[in-house]
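One structure is given below, encoded as structure tokens.
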Amino acid sequence: MTMPTNADIHTLAAPYALHSLPPDEATTFEAHLGECAACRAEVDEIRETAARLGVSAAVQPPPELKEQVLARIREVRPLPPAGDRSDADAETGSARARALRRWWPRVATGLVAAMAAGIAVLGVRLDDVQEELDRSQQIGAQMRQLADAPDLEMVRAEADGSRGTVLLSRSLDTAVLIADGMEPAPDEHVYQLWFIGDDGIRSAGVLGETDDGQVGPFTAQGVGGAGQLGITVEPAGGSEQPTTDPVMVIDLPA
Amino acid sequence: MPALRSVPAGEPPEGADALGQLLNRSARGDVAAFERIYDEVAGAVLGVAIRVIRNRAQAEEVAQDVLVEVWRSASRYVPERGSAIGWIMTIAHRRAVDRVRQAQADGDRAEKVARRDDARPYDEVADAVETSFEREQVQRCLGNLTDLQRESVALAYYEGYTYREVAQLLQTPLGTVKTRLRDGLIRLRDCMGLGR
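Sequence order for the protein chains is A and B.
In terms of full-length UniProt numbering, the first sequence is numbered consecutively and its last residue is 254.
In terms of full-length UniProt numbering, the second sequence is numbered consecutively and its last residue is 196.
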């Protein structure tokens with residue numbers, strides 16, 4: 001059997017959503033789903049469409065079916081919500097894991113672990129910041145002001161082949177994000193940036209389209225006490241709260 | 001620099017439709033709520049099982065299992081990921097497909113032959129409930145697809161074949177089938193007004 005190459009694997013979202021993958025390929029694709037927010041969005045969307053195909057096949061159920069089902073459920077206890085299980089990920093006590101659990105209670109244990117391992121803060125050096133600013137093609141007045149801020153810090157993070165650079169000044173309550181290696185958001189979807197803190201998740205704004213894999217520089221104000229920035233794929237126009245798992249989470253310096 | 005478009009902060013999206021709220025109550029053990037869910041979805045759950053499995057008795061068994069599963073795992077429905085009916089039909093379709101694949105794996109040739117002999121076009125289910133707006137819409141939208149798109153979607157969804165089997169049945173390259181499935185479903189989505 002020929003297994004799909006990596007570039008190919010995104011095209012398996014449709015057959016996966018229709019339960020049309022052979023078991024071995026379904027397993028491979030599920031592993032990929034954990035790290036491909038765009039694929040998850042596509043699978044959810046296709047299932048929604050497929051559901052209509054199913055509903056249109058509705059028949060009149062025989063009355064005894066209801067009796068049988070109602071008799072059976074009397075002996076079945078409904079499961080508690082997934083978040084209330086004493087999950088294996090309870091053992092990872094880091095702030096990031098806790099923030100993620102609050103944010104995405106349904107996030108798979110394995111995914112949390114993979115993300116925690118895959119994201120590395122690469123260093124914070126001021127001359128790097130200057131270099132990054134020089135490389136940016138569009139430096140606004142806001143960013144120049146930022147460059148002069150006494151508490152300017154830079155964080156770089158990598159996740160799943162994409163890299164994010166954040167310039168942060170808590171005194172100016174401002175963060176600037178530049179990300180590259182990003183795939184374009186799927187049709188009718190956008191990337192959205194979030195401030196993640198102990199007080200919850202706040203939108204930091206909807207990111208513009210990717211240009212050759214690059215997003216930003218994107219200036220987000222209102223950092224407040226946020227400890228992290230997160231990027232998710234959201235339906236066009238953005239969401240009030242994240243609706244998908246993050247494609248990138250960046251720890252912010254205190 | 002991209003402008004910062006503000007998105008109102010607040011509570012998580014209220015996306016829970018009426019069915020979703022019933023699931024919520026059902027998860028807390030509310031049998032009356034579950035009965036309403038049953039009345040709403042049992043016909044569709046049984047319908048998709050019959051389409052995929054063909055054998056009526058087996059389809060009723062699977063439908064029963066699916067509906068008990070809905071009761072058991074109602075708390076696991078996540079409104080942010082889609083509608084309640086989408087969640088329920090996903091369970092129903094997966095269980096139905098699992099049943100035919102299992103039969104296939106068991107080498108139940110009689111079963112397979114029966115399925116093929118019994119082959120009928122997708123729009124002629126004998127005991128279909130009366131024509132509804134939804135059914136008409138789906139038929140119309142399927143009609144808008146190219147033949148290859150429609151056949152790929154129907155063989156994968158309604159007949160429960162793997163995309164590799166679909167490619168063999170249609171004597172079409174694998175890559176083409178994947179693309180047709182995807183394009184077909186996107187077209188269906190747009191036609192049904194499900195775009196988000």
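Note that beta-carbon positions come from the ideal geometry of N, C-alpha and C, so glycine has one too.
Residue interval of the alpha helix (DSSP H) (run including residue i)
i                     : result
H189 (chain A)        : No alpha helix (DSSP H) holds H189 (chain A); the beta strand (DSSP E) holding it covers H189 to G197.
R74 (chain A)         : Careful: R74 (chain A) lies outside any alpha helix (DSSP H) and carries neither H nor E.
M89 (chain B)         : A84 to A105
R187 (chain B)        : L174 to C191
G213 (chain A)        : From DSSP, G213 (chain A) is part of no alpha helix (DSSP H); its letter is neither H nor E.
R150 (chain B)        : D147 to V153
R25 (chain B)         : A18 to A27
R140 (chain B)        : F133 to G143
A156 (chain B)        : Where A156 (chain B) is concerned, there is no enclosing alpha helix (DSSP H), given that its DSSP letter is neither H nor E.
residue 265 (chain A) : For residue 265 (chain A) there is no data in the structure shown, the boundaries of chain A being 1 and 254.
R76 (chain B)         : No alpha helix (DSSP H) holds R76 (chain B); DSSP gives it neither H nor E.
R164 (chain B)        : Y163 to L169
A149 (chain A)        : Element bounds for A149 (chain A): n/a, residue is neither H nor E.
P15 (chain A)         : A13 to A17
Identity of the residues DSSP links to residue i by a beta bridge
i              : result
P235 (chain A) : A:H189
R40 (chain A)  : Answer by DSSP bridge pairing: none, since R40 (chain A) is not bridged.
Q221 (chain A) : A:T174
V155 (chain A) : A:V166
G230 (chain A) : A:W194 and A:V249
D180 (chain A) : A:R163
Range covered by the beta strand (DSSP E) that runs through residue i
i              : result
S162 (chain A) : S162 to S169
A204 (chain A) : G200 to V206
V249 (chain A) : M248 to D251
Cβ-heavy atom distance, residue i to the ligand ATP, below 7 Å
i             : result
T49 (chain A) : Because no ligand of any kind appears in the structure shown, any question about the ligand ATP cannot be addressed here.
### Message
By the 7 Å beta-carbon criterion, what residues does the segment 45–66 of chain A contribute toward chain B?
### Response
E45, I46, R47, E48, T49, A50, A51, R52, L53, G54, V55, S56, A57, A58, V59, Q60, P61, L65 and K66
### Query
In the segment 7–30 of chain A, which residues sit with their C-beta less than 9 Å from some C-beta in chain B, listed in chain order?
D8, T11, L12, A13, A14, P15, A17, L18, H19, S20, L21, P22, P23 and E25
### Message
So if I threshold CB-CB distances at 7 Å, which residues from the segment 57–84 of chain B count as touching chain A?
### Response
E60, A63, Q64, L67, V68, W71, R72, S73, A74, S75, R76, V78, E80, R81, G82 and S83
### Task
Any chance you could list the alpha helix (DSSP H) runs of at least 4 consecutive residues sitting entirely within the segment 30–60 of chain B, in chain order?
Counting only runs that start and end inside the segment 30–60 of chain B, the alpha helix (DSSP H) elements of at least 4 residues fall at 31–53.
### Message
Any contact between the segment 145–152 of chain B and the segment 175–185 of chain B? By contact I mean 3 or more CB pairs, one from each, below 8 Å.
### Response
yes
### Query
Just checking, does the segment 39–51 of chain A make contact with the segment 71–78 of chain A on the three C-beta pairs under 8 Å criterion?
no
#### Entry: Against chain A: residues of the segment 22–42 of chain B by CB proximity under 9 Å
S26, A27, R28, G29, V31, F34, E35, Y38, D39, V41 and A42
### Task
Check whether the segment 198–212 of chain A touches the segment 148–164 of chain A, taking contact to mean three or more Cβ pairs, one atom from each stretch, closer than 8 Å.
no
### Query
Would you call the segment 64–75 of chain B and the segment 30–41 of chain A touching, i.e. three or more CB-CB distances under 8 Å?
no
### chain B contacts made by the segment 67–83 of chain A, where a contact means CB separation under 9 Å
So the list reads Q68, V69, L70, R72, I73, R74, V76, R77, P78, L79, P80, P81 and A82, given in the order they occur along the chain.
### Query
Taking any Cβ of chain A, which residues in the segment 151–165 of chain B have a Cβ under 8 Å from it, in chain order?
V153, A156, Y157, Y158, G160, Y161, T162, Y163 and R164
### Message
Does the contact criterion of 3 or more C-beta pairs under 8 Å hold for the segment 162–174 of chain A versus the segment 216–227 of chain A?
### Response
Segments in contact, yes.
### Message
Output needed in chain order: residues of the segment 96–109 of chain B with a Cβ under 9 Å from some Cβ in chain A.
### Response
Taking 9 Å as the Cβ-Cβ cut-off, the segment 96–109 of chain B approaches chain A at A96, V97, D98 and R101, given in chain order.
### Message
Quick check: the segment 44–59 of chain B against the segment 157–164 of chain B, are at least 3 beta-carbon pairs closer than 8 Å?
### Response
yes
### Message
Three or more C-beta pairs under 8 Å: does that hold for the segment 90–100 of chain B against the segment 55–65 of chain A?
### Response
no
### Message
Count Cβ pairs between the segment 226–233 of chain A and the segment 14–33 of chain A that sit closer than 8 Å; are there 3 or more?
### Response
no
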